[in-house]
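Asker: Going by the numbering used here, the sequence shown opens with residue 105, and the numbers climb by one from there. A virtual CB, placed ideally from N, CA and C, is assigned to each residue, including glycine. Attaching a single structure in structure tokens format; questions to follow.
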Amino acid sequence: MNEEKRKLSGAHRIQVRPMSVGNGMRERTIRSGRGKQYMASVVVCILAFAFGTVVGWTSPVLEILQSDDSPVGRMTLNETSWLGSLTFIGGIVGSFIWGRIADAFGRKVAGYCVSIPFIIGWSAILFGTTPKFLYAARLLTGLSGSGALIICPLYISEVAHDSIRGTLGSYVILFMNGGVVAAYSVGAALDYRSFTAFCLAIPIVFIVCYFWLPETPNYYMSKSRNEAAELSLLWFRGGNHRVVSDETENIAKGMSKKETSTYSDLVSTKGNRTAMIIGLGLFSWQQFCGILALLTFVSDIFQKAGSSMSSSKATIMVGMFQFSASYVSSVIVDRSGRKLLLLISYFVMGTSLFVLAGYIYGKPEGLGWVPVACLCLHVVAYALGAGPVPYVVMTETLRPDIKGLATSTIIFWGTLLAFISVQVFPILNTHLGQHGAFLFFGVWCYIGFVFTWFIVPETKGISLNDILAKLNGDPTNLMVSVGGSCEKIEHTERV
């Protein structure tokens, strides 16, 4: 094996050790690398699963907390409503913190930091004896929740190969939905304390598993720790030195000489501005597509359809629909592309909300199945596109040197809009009626369709550097990923 050095632009210099391997060895290294990428994505997404249990926890325990058997004393409807609001507030606060920690101290340290408020919060719920313990706990777990939505896509985007980047990026919402369904199911089967102990165990499991993962190569490169970056990438690519030599060069090209980014950097270039518009836009439609409003009326919709299913079973069933559709999305996103899934998702969601609004307004006899069908269609469409794909596109369109801060900013925006949508829905209900509220969100879905059609680029199979070049409007020879390798094609498309 010969030793050689490849000089990279700027201050980055990577020592590369090329090696010649046969087709059999090459396939084994590709499989080994992919296996490690899948494993790492599953481990880091335990954080997203943990946040899913936070989201799903209130539904099974609400009846207990409002009863005389409540472990923290009987709570009123107004008091329990704060359990959801405080989670949003914690998430908004956390959005300002986690990206900075990830950029300053690394993705690994940030992941550990995110898990700590989860553990403290669940412990407070487990041992708390007054509602104040629950309020503090929900604030802390919301703080960690935004961290999970920042760190998971950030870590995955920096270790995933172009050919499976969409699949692994979709794991964030897949695992979050899995956590919600697990909370619904376990909460219905176990008592209050045992259910909370189950939720507490999840971030502890994350810490144990996360210990064995390396730091991302992008973070090492941002700190000029080039040998560490190469070793990290070698681990994620199964020891394939030729792939590593190309990727380390591409990572270096995407880095600026600044060690820390500022808010002005987010709009300093055409590419950065376009990426921020795409990210903020997709997360706007994600929160204003009506999913939170619709899930509020799950039990009511099933009752009007004449179903004898209990509210807990109806909630679990809808959660399973959402989880199953998220899984399908993770399987097909690297085949169908991101843009197609988003377009289908927005169109189906908008149409289902318009049909539901028409049903509520007209109240036709003998069509009780219509609202159930609209609910299921909307949930499935959301989980196929509008839910998971924005996380994939966000991390694919952001430059490595601004990714931490930009991700935090976009997640802050999404969390804020989620909070606003929950607060706005009852106001719309009062002034426009339930049908008017659903029409409002349906219009937003169609606006999201138009936004995606004209603004969002297709990023399937394209290297991150070439995506950035497209956003900047620069002609480039695109490196399109095919299987485990990259093939060049001439391409001059401008975005």
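Report the residue ranges of all alpha helix (DSSP H) runs contained in full by the stretch 443-510; include only those spanning at least 4 residues, in chain order.
Answerer: 473-485 and 493-501
Asker: From the DSSP output, in three-state form, read off I201 for me.
Answerer: Position 97 of the sequence shown holds residue 201. The answer is coil: DSSP assigns I201 none of H, G, I, E or B.
Asker: Only counting runs of 4 or more residues, tell me where the alpha helix (DSSP H) segments fall wholly within the stretch 327-382, in order along the chain.
Answerer: 330-340 and 345-357
Asker: On the CB-based measure, 16 or more other CB atoms within 10 Å of its CB, does H482 come out buried or exposed?
Answerer: Numbered from 1 along the sequence shown, position 378 holds the residue referred to as residue 482. The residue is buried, with at least 16 neighbouring Cβ atoms inside 10 Å.
Asker: Could you give the uninterrupted runs of the alpha helix (DSSP H) lying entirely in the stretch 220-271, keeping only those of 4 residues or more?
Answerer: 235-263
Asker: Should M380 go down as buried or exposed, given a rule of 16 or more other Cβ atoms within 10 Å for buried?
Answerer: For the purposes of this step, residue 380 is identified with residue 276 of the sequence shown, where counting begins at 1. By the 10 Å Cβ count, M380 comes out buried.
Asker: Can you check whether the CB of K212 is closer than 8 Å to the CB of E331?
Answerer: The residue labelled residue 331 in the question sits at position 227 within the sequence shown. The residue labelled residue 212 in the question sits at position 108 within the sequence shown. Not a contact, by the Cβ cut-off of 8 Å.
Asker: Using a Cβ-Cβ cut-off of 7 Å (strictly less than) and excluding sequence neighbours within five positions of I168, which residues of its own chain qualify?
Answerer: Residue 168 sits at position 64 when you count from the first residue of the sequence shown. Result list for I168: S174 and Y296, in chain order.
Asker: How many whole angstroms separate the CB atoms of A292 and L230, which I take to be in contact at a CB cut-off of 8 Å?
Answerer: Indexing the sequence shown from 1 puts residue 292 at position 188. Indexing the sequence shown from 1 puts residue 230 at position 126. Rounded, the Cβ-Cβ distance is 19 Å, inconsistent with contact.
Asker: To the nearest angstrom, how far is the alpha carbon of L384 from that of G470?
Answerer: Mapped onto the sequence shown, residue 384 falls at position 280. Mapped onto the sequence shown, residue 470 falls at position 366. Whole-angstrom Cα-Cα distance: 42 Å.
Asker: Run the CB neighbour count on H539, radius 10 Å, all protein chains shown included, and call it buried at 16 or more, exposed below.
Answerer: Translated into the one-based positions of the sequence shown, residue 539 becomes position 435. Buried, by the Cβ-count rule.
Asker: To the nearest angstrom, report how far apart M325 and L386 are at their CA atoms.
Answerer: Locating residue 325 in the sequence shown gives position 221, where the first residue counts as 1. Locating residue 386 in the sequence shown gives position 282, where the first residue counts as 1. Cα to Cα, M325 sits roughly 29 Å from L386.
Asker: Should Q391 be labelled buried (16 or more other beta-carbon atoms within 10 Å of its own) or exposed?
Answerer: Sequence index remark: in the sequence shown, residue 391 carries index 287 (1-based). Q391 is buried by the Cβ-count criterion.
Asker: Suppose the cutoff is 6 Å on Cβ atoms and the five residues either side in sequence are ignored; what does the same chain contact list for S145 look like?
Answerer: As a working mapping, residue 145 is identified with position 41 in the sequence shown. Around S145: I260, L272 and Y275.
Asker: What's the C-alpha gap between S449 and V159?
Answerer: Indexing the sequence shown from 1 puts residue 449 at position 345. Indexing the sequence shown from 1 puts residue 159 at position 55. For S449 and V159, the distance between alpha carbons rounds to 23 Å.
Asker: Smallest Cα separation from E262: which of W316, S336, Y314 and F310?
Answerer: Looking up residue 262 in the sequence shown gives position 158. The shortest C-alpha separation from E262 is found at S336.
Asker: Can you tell me whether T320 is helix, strand or coil according to DSSP?
Answerer: Position 216 of the sequence shown, counted from the first residue, corresponds to residue 320. Looking at T320 - three-state DSSP - the assignment turns out to be coil, as it is neither helix nor strand.
Asker: How many angstroms separate the CA atom of L572 from the CA atom of G177?
Answerer: Your numbering for residue 572 matches position 468 in the sequence shown. Your numbering for residue 177 matches position 73 in the sequence shown. Cα to Cα, L572 sits roughly 55 Å from G177.
Asker: How is G441 classed by DSSP in three states: helix, strand or coil?
Answerer: Here residue 441 corresponds to residue number 337 of the sequence shown, with the count starting at 1. Of the three classes helix, strand and coil, the one that applies to G441 here is coil, per DSSP.
Asker: Could you please give the first and the last residue of the uninterrupted alpha helix (DSSP H) stretch that includes S174?
Answerer: In the sequence shown, counting from the first residue as 1, residue 174 sits at position 70. First-last for S174: undefined, no H or E at that position.
Asker: Can you check which of these residues, V547, G472, P257 and S388, is closest to A206 by C-alpha distance?
Answerer: As a working mapping, residue 206 is identified with position 102 in the sequence shown. The residue with the shortest Cα to Cα distance from A206 is P257.
Asker: Could you give the distance in angstroms between the alpha-carbon of M280 and the alpha-carbon of Y431?
Answerer: Your numbering for residue 280 matches position 176 in the sequence shown. Your numbering for residue 431 matches position 327 in the sequence shown. In a straight line, the C-alpha of M280 is about 11 Å away from that of Y431.
Asker: My understanding is that L398 touches L479, with C-beta atoms under 8 Å, so please give their C-beta distance in whole angstroms.
Answerer: In the sequence shown, counting from the first residue as 1, residue 398 sits at position 294. In the sequence shown, counting from the first residue as 1, residue 479 sits at position 375. That pair is a contact at about 6 Å.
Asker: Assess, as a yes-or-no matter, whether the stretch 340-350 is touched by the stretch 182-200 under the definition of 3 or more beta carbon pairs within less than 8 Å.
Answerer: no
Asker: Check each candidate in I464, F553 and I193 and name the one with the smallest Cα separation from G537.
Answerer: For the purposes of this step, residue 537 is identified with residue 433 of the sequence shown, where counting begins at 1. It is I464 whose Cα lies nearest to the Cα of G537.
Asker: Compare the C-alpha of L460 against each of R341, K236 and A541 and name the closest.
Answerer: Mapped onto the sequence shown, residue 460 falls at position 356. When only C-alpha atoms are compared, the closest one is A541.
Asker: Helix, strand or coil for V125? Go by DSSP, reduced to three states.
Answerer: Your numbering for residue 125 matches position 21 in the sequence shown. Because V125 sits at a pLDDT of 46, beneath the cut-off of 50, its placement in the model cannot be relied upon, and the point is left open.
Asker: Quick check on the DSSP output: the alpha helix (DSSP H) that includes C313 runs from which residue to which?
Answerer: Along the sequence shown, one-based indexing puts residue 313 at 209. From DSSP, the alpha helix (DSSP H) with C313 extends over Y296 to Y314.
Asker: Just the C-alpha distance for F315 and G215, rounded to the nearest angstrom, thanks.
Answerer: Position 211 of the sequence shown, counted from the start, is the residue given in the question as residue 315. Position 111 of the sequence shown, counted from the start, is the residue given in the question as residue 215. Rounded to the nearest angstrom, the two C-alpha atoms are 10 Å apart.
Asker: In three-state terms, what does DSSP make of V560?
Answerer: Position 456 of the sequence shown, counted from the start, is the residue given in the question as residue 560. Looking at V560 - three-state DSSP - the assignment turns out to be coil, as it is neither helix nor strand.
Asker: Is A418 buried or exposed, if buried means 16 or more other CB atoms sit within 10 Å of its CB?
Answerer: Counting from 1 along the sequence shown, the entry for residue 418 is found at position 314. Buried, since its Cβ has 16 or more Cβ neighbours within 10 Å.
Asker: Going by beta carbon distance, what residues of the same chain come within less than 8 Å of L294, once the five residues before and after it are set aside?
Answerer: As a working mapping, residue 294 is identified with position 190 in the sequence shown. Cβ within range, chain order: F302.
Asker: Quick one: using the 10 Å Cβ neighbour count with 16 as the cut-off for buried, is H265 buried or exposed?
Answerer: For the purposes of this step, residue 265 is taken as residue 161 along the sequence shown, with counting starting at 1. H265 is buried by the Cβ-count criterion.
Asker: Would you call the CB atoms of N376 and R503 closer than 8 Å?
Answerer: Working through the sequence shown from its first residue, we reach residue 376 at position 272. Working through the sequence shown from its first residue, we reach residue 503 at position 399. A contact, by the Cβ cut-off of 8 Å.
Asker: What span of residues does the alpha helix (DSSP H) with M413 cover, start to end?
Answerer: The residue labelled residue 413 in the question sits at position 309 within the sequence shown. Counting along the chain, M413 falls outside any alpha helix (DSSP H), and DSSP gives it neither H nor E.
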